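Student: Each number in the working numbering corresponds to the 1-based position in the sequence shown with 33 added. Every residue gets a Cβ at the ideal spot worked out from N, C-alpha and C, and that includes glycine. Remember, predicted model here, so these are calculated numbers, not experimental data. The following block contains the structure, expressed as structure tokens.
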Amino acid sequence: MAPRPNRPAPGALSTLVVAVDGPSGSGKSSTARGVARRLGLRYLDTGAMYRAVTWWMLRHDVDVGDAVAVAAHAGGPVLRVGADPEQPSVSVDDVDVSEPIRTREVSNAVSAVSAVPEVRRRLVALQREIIGSGGIVVEGRDIGTVVAPDAQMKVFLIASAEERAQRRTRDLVADQGATLNVTQAELARRDRLDSTRAASPLTKAGDAVEIDSTLIGLDEVIELVCKLAIERAGAS
Ligand code: DC
Numbered sequence: 034m035a036p037r038p039n040r041p042a043p044g045a046l047s048t049l050v051v052a053v054d055g056p057s058g059s060g061k062s063s064t065a066r067g068v069a070r071r072l073g074l075r076y077l078d079t080g081a082m083y084r085a086v087t088w089w090m091l092r093h094d095v096d097v098g099d100a101v102a103v104a105a106h107a108g109g110p111v112l113r114v115g116a117d118p119e120q121p122s123v124s125v126d127d128v129d130v131s132e133p134i135r136t137r138e139v140s141n142a143v144s145a146v147s148a149v150p151e152v153r154r155r156l157v158a159l160q161r162e163i164i165g166s167g168g169i170v171v172e173g174r175d176i177g178t179v180v181a182p183d184a185q186m187k188v189f190l191i192a193s194a195e196e197r198a199q200r201r202t203r204d205l206v207a208d209q210g211a212t213l214n215v216t217q218a219e220l221a222r223r224d225r226l227d228s229t230r231a232a233s234p235l236t237k238a239g240d241a242v243e244i245d246s247t248l249i250g251l252d253e254v255i256e257l258v259c260k261l262a263i264e265r266a267g268a269s
């Protein structure tokens, strides 16, 4: 096993914010959770928050293709998010939705919901509240650019389209009937919507370190991000 990087004084890490952005299936969750665990930091999956709001809209028969209707209901769902990397959790109106938010139904509706500015405003405010004074790894699409532009460490994770589709197909529960081709097409559609929307599209922050997880394994990515994060925490 590779040696663990030395930790700086706990004080330096308590204000550290590590932003991990990138497209679907690029390895953000494994990387962000792995880094949080390794460094003893909290972990926030902002994609789960957009998925939870989407789940709520679907359950309340809100037409997710109607941006005006989604905006009108943006204040409806009451979200609670757990930031323990060992057991991340998200609930809406006191219902634990950690599993249902991973269905294809939610995956295929989430880009439309997350493109609505009223939804983003509400979730970004909640995300900043959770981030607080730091000590956290946050994954998403707009963390380094919008949610935490002052984060000391920003990672933009990418991977080839084939690799990303393979990972997502493995992630999907068996009975959801998604073949590799279907997953690849759905991912491509979601990436296109997430990258071309008007409100906070997926873009790489100018000061982010780009890492291609097709070329190096996720363990190595985690190792590298921890090393860089520790250097930056020590320097700040
Ligand atoms: O990371 P994920 O695939 O679970 O994210 C689900 C969707 O949520 C993604 O398609 C776009 C949206 N999202 C966003 O708009 N901004 C974020 N910070 C995180 C996710």
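Leaving out five residues on either side along the sequence, give the residues of the same chain with a beta carbon under 6 Å from the beta carbon of Ala102.
Tutor: Within its own chain, the residues whose Cβ lies closer than 6 Å to the Cβ of Ala102, once the five positions on either side in sequence are excluded, are Val95, Asp96, listed in chain order.
Student: Could you check the C-alpha separation between Leu77 and Ser140 for me, to the nearest Å?
Tutor: Leu77 and Ser140 have their alpha carbons spaced roughly 19 Å apart.
Student: Can you check whether the CB of Asp183 is closer than 8 Å to the CB of Ser233?
Tutor: no
Student: For the ligand DC, is there a heavy atom less than 7 Å away from the beta-carbon of Tyr76?
Tutor: no
Student: Measuring only the C-alpha atoms, how far is Glu243 from Asp99?
Tutor: Spanning the two alpha carbons is a distance of roughly 35 Å.
Student: Using the beta-carbon count (16 or more within 10 Å), is Ala158 buried or exposed?
Tutor: exposed
Student: Can we count Lys271 as close to the ligand DC, meaning its CB is less than 7 Å from some heavy atom?
Tutor: With the chain covering only 34 through 269, there is no way to say anything about residue 271.
Student: What whole-angstrom Cβ distance do Ser62 and Arg201 have, given they're in contact under 8 Å?
Tutor: At roughly 11 Å, the Cβ-Cβ gap does not stay under 8 Å, so Ser62 and Arg201 are not in contact.
Student: Could you tell me the distance, in whole angstroms, from the CA atom of Glu172 to the CA atom of Tyr83?
Tutor: 12 Å
Student: By a C-beta neighbour count over all protein chains shown, 10 Å radius and 16 as the cutoff for buried, is Glu256 buried or exposed?
Tutor: buried
Student: Tell me which residues share the same chain as Ala69 and place their Cβ nearer than 6 Å to its Cβ, disregarding the 5 neighbours each side in the sequence.
Tutor: Tyr76, Pro118, Val170
Student: In chain order, which continuous runs of the beta strand (DSSP E) of length 3 or greater are located wholly inside the stretch 129 to 192?
Tutor: 169 to 173, 186 to 191
Student: Following a CB-centred definition, is Ala81 positioned closer than 7 Å to any heavy atom of the ligand DC?
Tutor: yes
Student: May I ask whether a heavy atom of the ligand DC can be found less than 7 Å away from the beta carbon of Asp227?
Tutor: yes
Student: In three-state DSSP terms, what is Ala81?
Tutor: helix
Student: Grab the span of the beta strand (DSSP E) containing Ser62 for me, first residue to last.
Tutor: Looking at the DSSP string, Ser62 is not in any beta strand (DSSP E); the run it does join, the alpha helix (DSSP H), is 61 to 72.
Student: CB Ala81 to CB Val152, shorter than 8 Å?
Tutor: no
Student: Since Gly167 and Val53 should fall inside the 8 Å C-beta cutoff, what is the C-beta to C-beta distance between them, to a whole number of angstroms?
Tutor: 15 Å between Cβ atoms; not a contact.
Student: Within the present structure, is the beta-carbon of Val143 separated from the nearest heavy atom of the ligand DC by less than 7 Å?
Tutor: yes
Student: Does DSSP put Ser122 in a helix, in a strand, or in coil?
Tutor: strand
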